[in-house]
Amino acid sequence: MQNQLGDMDLNNPEYYNNRELSWLDFNLRVLQEASDKTNPLLEQLNFISIFSSNLDEFFMVRVAGLKDQVKLGFDKPENKAQLTPQEQLDKIKEKNTKYVDLQYERYNELVDELHEHQVDIVRPEDLPESLLEQLESDFKLSILPTLTPLGIDAYHPFPKLNNKSLNVFVDIDTEDAINSAIVQIPSLIPRFLALNEGDKQYIVMVEDVITHFINYLFAGFEVLNTFTFRITRNADLTIHEDGAEDLLIEIERFLKERKSGSAVRLEVDGRTAEYDDIAWIANQLEVDEKDVYFLDGPLDLTMLSDLVDHLSHKLNHLTYEKYTPQVPRSLGNHDVYDLSLQRDIFFHHPYESFEPIVDFIREAADDPNTIAIKQTLYRVSKDSPIINSLKEAAEKGKQVTVLVELKARFDEENNVHWARMLEDAGCHVIYGMTHLKTHSKIALVVKRVSNQLVSFVHLGTGNYNDKTAKLYTDMGLITTNKEIAEDAINFFNYLSGYSVKPEYNKLIVAPFDIRDVFISHIDDEIEAQKKYGNGKIIMKMNSLTDKDIILKLFEASQAGVKVQMVIRGICCLKPGIPGVSENIEVVSVVGRFLEHSRIYYFHNNGNERIYLSSADAMTRNMIKRVEILFPVEDQTIASRLLDYLNLQLSDNQKGRYQDSSGNYHYVDNDLEPVSSQNYLMESAIEYGQKLKKEATQPAGTPVQSRNSNSWFARLKNSFRK
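Here the sequence shown stands for residues 13 to 733, where the numbers follow this note's numbering.
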């Protein structure tokens, strides 16, 4: 890997974005959606909730990890922007404080806008008198019995407070002295109460209700002051795999330990808090002053997703118009198994329904000709129909092998539950590979067809999760290609621990191999540029962090290769730097659906290569995870993917481009407005309506002809040149 070309030192930190700061910039793009007037009002509120939810995980994992490094005295700079852990923490505090201030500013604006729709978010003292009496009754009946004041004195040490819990701090005058107490708000009671008067609805936060009626908890004493606070704890704890006789038991131990990790953030409702009390709490929690955030409004705005659900019944016109995923264009009215014997089938969720994938496993479980089902599971829904089908298949005597990745962060408990259920049903359950997360999305169904065994393989970019498949953009392929089928069989044997690392025909598998293929293909584009002047690369992913890949992309840019990147989240590469990355452009699309698919395109002097993958170009995906990169060889599907990449690059409604300083700006041009997500919804609906009219094609029409006309023809004149 070349670190220097001519006078250019490609390790110059000015050429890179720090990973953590780049992530914060992504979260700002999420927050921008809360100010986008093309989004309905309640959806704007929901983006504020997503912003908060994202931040919680960021602090529990990324900030916690940096703090651990500082505590251990680790001061080595990271290898791109070359910031030490402490420097990163300082810059995170500076940037995040600004972004959170913007969040609360927008939240308060949206509260004012709700007032115009007969919804007021108020404190109890602002309620009409009749409703205040009703609120007091509700408090005594439904809230007071659940509360336990925790006094703090020589006989009552500072309580152990749960991660992400809401707490009310209380100063009490007991005549002898001023004492303190904490009231932890149970997580199982509703976060807000709704009261109606005529056409108007009032929303009151539960912490404000408790504070208003706090004297019920401290009868006979004077309450001097109250305020709400919330702590975030370290959830980035170590799973000890080497010495674990049973990984399931080790994961359960880890989950208990995570609940009591060290505090990494203290959030305070700054409207009533007093500095001395906050300083005392911070000292008890061993939280640095820099880890305290004073907020201008209610804490934990993740609750807005519940509020949106509640208000959507009354204000349905202020939500997105309901979208129903459509019949996949590549499938039409055909049976998945019958059609896949003739050609590959492509799926694009959530524009196209995930139901055919659910049916793929369900039908395999039902079919007496099915011999075996093998599948990887990373994140699945709480009531997963795929899990039910796998259990049913095992109970019917089919050989069912399931890799359940127990180390999928924040899904560990769910996955432990499913692993036990699958084992009880008779499935052979694999827990993953030591020190590696199995992030691949693959399912193999072996059936007897006309007295021969045929392997049907599904490969995808996203999880086998029927709930998130309606929210995340992902892609998948079902194929009976014999070489891919052989690869799938070898892959599952490898995961089972019964074979050495296999040589694959078509699949490219991480750790390590995916990075090697990327670098090799980029080298090919550099050579093509030198010989033919047509080197071109397009990559779509969630995040780009891998230094080796970035260096190779710099080298490609310096050789004149055109590099276009659609990166939703973290991007450690700065594009457009003269002599370094002037031939690289980076676009981020953030909208209604979470962009999650990974596509990698290499022009290869006209003999185009295009791949789908479960992997981002992140170091963790390259060396710490089991990932699959798979080729798309059906020319109709490949053409559709290339059209899709060009559509995303042309999005001038939800697209932002990164400049050479690492800052993002909305795409602003004179072309026809293009929202890639809206276009794909409209296109899918149009196809669904057409299919309903046609019902079936005339007998004798080749199945391939259904896709003969480009579905992008009418939009191509709007693409950015």
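C-beta: ideal position from N, C-alpha, C; glycine also.
Tell me the DSSP secondary structure of residue i in three-state form.
i, result
"GLU404", "helix"
"LEU159", "coil"
"THR413", "strand"
"SER720", "In this predicted model, SER720 has a pLDDT of only 41, less than 50, meaning its place in the structure is not dependable; the value taken from the coordinates is given anyway. SER720 falls in the coil class under three-state DSSP."
"TYR28", "strand"
"TYR600", "Reading off the sequence shown, one finds Ser at residue 600, where the question assumed Tyr. In the structure shown, SER600 sits in a strand (DSSP, three-state: E or B)."
"ILE526", "helix"
"PHE504", "helix"
"LYS482", "helix"
"GLU684", "coil"
"PRO397", "helix"
"ASN387", "The sequence given here has Gln at residue 387, not Asn. In this structure, GLN387 counts as strand in the three-state DSSP scheme."
"PHE359", "strand"
"LYS268", "helix"
"PRO643", "strand"
"LYS733", "Residue placement at LYS733 cannot be trusted, given a pLDDT of 47 that sits under 50; the coordinates are not used to answer."
"ALA421", "In the sequence as displayed, the identity of residue 421 is Arg instead of Ala. It is coil, neither helix nor strand."
"GLN44", "helix"
"VAL715", "Note that VAL715 has pLDDT 44, beneath the 50 cutoff, so the model's placement of it is unreliable and no number is given."
"HIS322", "helix"
"TYR167", "coil"
"ASN179", "strand"
Let me check understanding here. Comparing Cα to Cα, which of the options lies closest to residue i?
i, options, result
"THR492", "SER467, ILE263, SER192 and PRO340", "SER467"
"GLN670", "ILE579, ASN616 and PRO643", "ILE579"
"LEU36", "HIS168, ILE531 and ASP68", "ASP68"
"VAL180", "HIS470, ILE194, ASP188 and MET577", "ILE194"
"ALA437", "GLN411, GLU407 and MET445", "GLU407"
"ARG135", "LYS152, ILE550 and PHE204", "PHE204"
"PRO337", "GLU364, SER352 and LEU319", "GLU364"
"LEU624", "PHE70, LEU654 and LEU327", "LEU654"
"PRO198", "ASN174, GLY667 and GLN213", "ASN174"
"LYS83", "VAL276, THR244 and VAL123", "VAL276"
"PRO310", "TRP292, HIS329, GLU515 and ALA285", "ALA285"
"VAL602", "ASN554, THR631 and ILE550", "ASN554"
"ASP183", "PHE233, SER142 and LYS636", "PHE233"
"VAL73", "GLU32, THR50, LYS92 and ASN91", "GLU32"
"CYS583", "SER64, PHE38 and LYS459", "PHE38"
"GLU298", "LYS79, GLY572, SER609 and LEU556", "LYS79"
"ASP211", "THR244, GLN146, GLU141 and GLU128", "GLU128"
"ILE534", "LEU565, PRO340, PRO514 and PHE230", "LEU565"
"THR631", "PRO523, LEU657 and LEU703", "PRO523"
I'd like to check one pair, residue j with residue i: are the Cβ atoms closer than 8 Å?
i, j, result
"VAL592", "ILE622", "no"
"ILE222", "ILE155", "yes"
"ILE649", "ASP350", "no"
"ASN394", "ASN426", "Contrary to the premise, residue 394 reads as Lys rather than Asn in this sequence. Yes."
"LEU415", "LEU489", "no"
"VAL320", "LEU278", "no"
"LEU661", "VAL599", "yes"
"MET433", "ILE399", "yes"
"ILE561", "ILE520", "no"
"VAL575", "ILE589", "no"
"VAL131", "ILE60", "no"
"HIS451", "TYR390", "yes"
"LEU448", "ARG637", "yes"
"LEU159", "HIS168", "no"
"GLN146", "LEU207", "yes"
"LYS552", "SER609", "yes"
Since residue i is in the alpha helix (DSSP H), which residue starts that stretch and which ends it?
i, result
"HIS451", "No alpha helix (DSSP H) contains HIS451, which DSSP labels as neither H nor E."
"GLY77", "76-83"
Identify the continuous beta strand (DSSP E) that holds residue i and give its terminal residues.
i, result
"ILE60", "Element bounds for ILE60: not the beta strand (DSSP E) but the alpha helix (DSSP H), 53-69."
"MET693", "Looking at the DSSP string, MET693 is not in any beta strand (DSSP E); the run it does join, the alpha helix (DSSP H), is 688-706."
"LYS212", "212-217"
"THR244", "234-245"
"ILE635", "Per DSSP, ILE635 belongs to no beta strand (DSSP E); it is in the alpha helix (DSSP H), 631-635."
"GLN670", "667-670"
"ARG621", "621-625"
"GLN464", "464-472"
"LEU122", "Note, LEU122: premise wrong, no beta strand (DSSP E); alpha helix (DSSP H) at 97-127."
"TYR206", "Residue 206 is actually Ala in this sequence, not Tyr. Start and end: 204-209."
Verify the contact flag: residue i, CB atom, against every heavy atom of the ligand ZN, threshold strictly below 7 Å.
i, result
"GLU219", "The ligand ZN is absent from the structure shown, which contains no ligand whatsoever."
Is there a Cβ of chain B sitting closer than 8 Å to that of residue i, yes or no?
i, result
"GLY409", "No chain B appears in this structure, which consists of one protein chain only."
* To do: Taking only runs that begin and end inside the segment 273-308, name each unbroken alpha helix (DSSP H) of 4 or more residues, in chain order.
  => 287-297
* **Secondary structure, beta strand (DSSP E): runs of 3+ residues fully inside the segment 534-596** => 548-553 and 574-579
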